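Residue numbers (my numbering), protein chains in the order written: chain S, 10 to 339; chain A, 3 to 271. A virtual CB, placed ideally from N, CA and C, is assigned to each residue, including glycine. Only a predicted model underlies this, so the values are computations on that prediction, with no experimental measurement involved. These notes concern the structure reproduced below.
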Ligand SMILES: Nc1ncnc2c1ncn2[C@@H]1O[C@H](COP(=O)(O)OP(=O)(O)OP(=O)(O)O)[C@@H](O)[C@H]1O
Ligand SMILES: [Mg+2]
């Protein structure tokens, strides 16, 4: 299958100019061209294939939004190449953006002062969406995203969750084959998050839309994405299946025990005590060292147990481990 | 292009509709604006009446210059509202310019459509009235060429001021702040264009001939229309350079604008 996005050795440096304040400050900004460079995205290559739903994750400032801005043609790459279908995003901007959709969770792409309805109507003209298609799409999205309650509210008065739903609808009215979602669940409550997730899944499954998604919520990833790319300091650390990553790096499991009486030294081979509070003890162990049932068996032979629970290490923690310990750097 | 224009008009219609929400107060505002601005001319006229003329130009003749400059600047300020720092600065600083780049439409059209300050009608009306006063007071030997040159001049002045606005907006990509000095050329330029320029000191004249060639858009053309002696001893063709200068400046400003867009860095988050 031919890749829909091809990024090759893509880099973006931001130039940070010294910011002069006060009288004539602006004039000096114009002529004082000394700058420092921020290597926001550094030599990144990847392929994305039609129909994929990919999670693009990494800590704050990793370079996710910068990558997306290059892929959507908002920023000109400092070096490297990017091609989406037959387009070079920043060069063919006007023709290219007809075929994509984008939602930036941090800010709306709708008209601040216009009611949602008028905003969407305006998009119909901007994208030259045929009337029947527009109506079909709008009707379907309105139902799934439950837009009706605020169709006539100006965008500036919408709650975050409402705004995100309006933005999602707006990004999809023109039937883009490819959409970019930069933190579409940021700041949403659990219900709203769930609704947005379901919508993303629907679009990907039912319409075959290719989706590149960034998020800080690992639950988004766990629920939605088969493949993930992890970026940090502008470099891709991992590109592959999410399950593989968890299996490989998330081997450690946790056993929480409540003993029936207090033991001075409830140690056991092949498991590590990571927390201890009276009769409550938490062990950590590796799947490959010992199975849960064996561990519990050994414990119950030596001690009297009132209650216990086995958990896989939270995905959240696995990802944090990877970020913090730069596990993927080897 | 047709599509761009139709979108532009659609955007403008939205702007105008919301600004006309309270028609009575809108009309009051426009009229009082026109009056406030008009008083500057009244004060000038009263002062001038003590001297009879200014640099050999009568009140009616100056009124033609003045009215034209006010009218054109008002038109420009209305059409190019989107390029005004008040509107454009925040786009760049907050990064909402991103949203324009995401749309499959010409960026310039979108900026033009992003704001349309209808209130500028005050200045336009004021300019028009002063121009009409000029027509009634001045003795002009109207030929077809002279009559036709008036609308051409208005068009050129609008383009000229518009280029300055586009130029100013483009600098925001780097400065992020209002470049106050540009007001010297825009607002200062329109002020200077209201007077027969030979009355100004040489340095000012040179500034507005070579740095910002305002002199070719009002003074020299008006020398032709009014058939005035030319104390600056300029060749006759300088009266007809207005279209050439306005169009080149506009072209240059659009080039600079494109360059600026390429250098747009967006903002974090
Ligand atoms: N417009 C800009 N001008 C200058 N520096 C920028 C700009 N945008 C981003 N940066 C810097 O580039 C780096 C990458 O930023 P980017 O916004 O791509 O990160 P991100 O992965 O999206 O982070 P977050 O998860 O916080 O959204 C950061 O160091 C950031 O400070
Ligand atoms: Mg980001």
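Range covered by the beta strand (DSSP E) that runs through residue i
i              : result
residue 182(A) : Residue 182(A) -> no beta strand (DSSP E), and no H or E assigned at all.
residue 62(S)  : 62-66
residue 45(S)  : 44-57
residue 30(A)  : Per DSSP, residue 30(A) belongs to no beta strand (DSSP E); it is in the alpha helix (DSSP H), 25-53.
residue 241(S) : 236-241
residue 17(S)  : 14-26
residue 88(S)  : 88-93
residue 318(S) : 314-321
residue 268(S) : 261-268
Among the options, nearest to residue i - alpha-carbon criterion
i              : options                           : result
residue 20(A)  : 127(S), 222(S), 304(S) and 13(S)  : 127(S)
residue 215(S) : 18(S), 42(S), 186(S) and 174(S)   : 186(S)
residue 239(A) : 268(A), 226(A) and 135(A)         : 226(A)
residue 241(S) : 62(S), 255(S), 164(S) and 334(S)  : 334(S)
residue 202(S) : 272(S), 221(S), 182(S) and 172(S) : 172(S)
residue 154(A) : 244(A), 4(A) and 9(A)             : 244(A)
residue 108(A) : 210(A), 219(A) and 7(A)           : 7(A)
residue 197(S) : 151(S), 114(S) and 238(S)         : 114(S)
residue 266(A) : 138(A), 156(A), 197(A) and 101(A) : 101(A)
residue 143(S) : 183(S), 48(S) and 165(S)          : 183(S)
residue 57(A)  : 262(A), 234(A), 257(A) and 258(A) : 234(A)
residue 18(A)  : 30(A), 165(A), 95(A) and 116(A)   : 116(A)
residue 343(S) : 287(S), 283(S), 72(S) and 88(S)   : In the structure as shown, chain S starts at 10 and stops at 339, and residue 343(S) therefore has no counterpart that could be examined.
residue 268(A) : 96(A), 24(A), 67(A) and 149(A)    : 96(A)
residue 58(S)  : 161(S), 208(S), 319(S) and 188(S) : 188(S)
Ligand 4 heavy atom lying under 7 Å from the CB of residue i
i              : result
residue 267(A) : Although ligand 4 was asked about, the structure shown includes only ligand 1 and ligand 2 as ligands.
Residue-chain proximity (residue i, chain A), Cβ-Cβ < 8 Å
i              : result
residue 107(S) : yes
residue 100(S) : no
residue 116(S) : yes
residue 169(S) : no
residue 103(S) : yes
residue 23(S)  : yes
residue 19(S)  : no
residue 182(S) : no
residue 339(S) : Confidence in residue 339(S) is poor, its pLDDT being 44 and thus under 50, which makes the residue's placement unreliable; the coordinate value appears in the next sentence. It does not; no Cβ of chain A falls within 8 Å.
residue 78(S)  : yes
residue 81(S)  : yes
residue 38(S)  : yes
residue 85(S)  : yes
residue 89(S)  : no
CB contact check: residue i to chain S, cutoff 8 Å
i              : result
residue 103(A) : yes
residue 92(A)  : no
residue 55(A)  : no
residue 264(A) : yes
residue 255(A) : no
residue 183(A) : yes
residue 9(A)   : yes
residue 20(A)  : yes
residue 106(A) : yes
residue 12(A)  : yes
Rounded distance between the beta-carbons of residue j and residue i, thought under 8 Å
i              : j              : result
residue 233(S) : residue 34(S)  : Not really, about 46 Å apart at Cβ, beyond 8 Å.
residue 177(S) : residue 193(S) : 7 Å
residue 50(S)  : residue 15(S)  : About 15 Å separates the two Cβ atoms, so there is no contact after all.
residue 13(S)  : residue 94(S)  : 6 Å
residue 180(A) : residue 87(A)  : 5 Å
residue 78(A)  : residue 163(A) : 4 Å
residue 47(S)  : residue 26(S)  : In fact, because the Cβ distance is near 12 Å, the residues do not count as touching under 8 Å.
residue 313(S) : residue 269(S) : 4 Å
residue 40(A)  : residue 136(A) : No, residue 40(A) and residue 136(A) are not in contact; Cβ-Cβ is about 13 Å, not under 8 Å.
Element boundaries [alpha helix (DSSP H), containing residue i]
i              : result
residue 251(S) : 251-258
residue 287(S) : Unbroken run through residue 287(S): none, as it is neither H nor E.
residue 260(A) : 244-264
residue 124(A) : 123-139
residue 8(A)   : 4-21
residue 220(S) : That residue, residue 220(S), is in no alpha helix (DSSP H); its beta strand (DSSP E) goes 219-223.
residue 166(S) : Here residue 166(S) belongs to no alpha helix (DSSP H), and DSSP marks it neither H nor E.
residue 61(A)  : 61-81
residue 325(S) : 324-334
residue 38(S)  : 34-40
residue 73(S)  : 73-80
residue 10(S)  : Run containing residue 10(S): none; DSSP gives neither H nor E here.
residue 272(S) : Segment: none, residue 272(S) is in no alpha helix (DSSP H) and carries neither H nor E.
Chain-ordered neighbours of residue i on chain B, where CB pairs are closer than 8 Å
i              : result
residue 267(A) : Among the chains of the structure shown, chain B does not appear; the protein chains present are S and A.
Every unbroken alpha helix (DSSP H) within the region 163-240 of chain A, with a cutoff of 4 residues, ordered by chain:
183-194, 204-208 and 221-228
Report task. May I have a chain-ordered list of the alpha helix (DSSP H) segments no shorter than 4 residues that lie completely inside the region 103-156 of chain S? Result -> 125-135 and 140-154, all fully within the region 103-156 of chain S.
Unbroken alpha helix (DSSP H) runs of length 4 or more, entirely within the region 168-216 of chain S: which are they? 169-181 and 199-216
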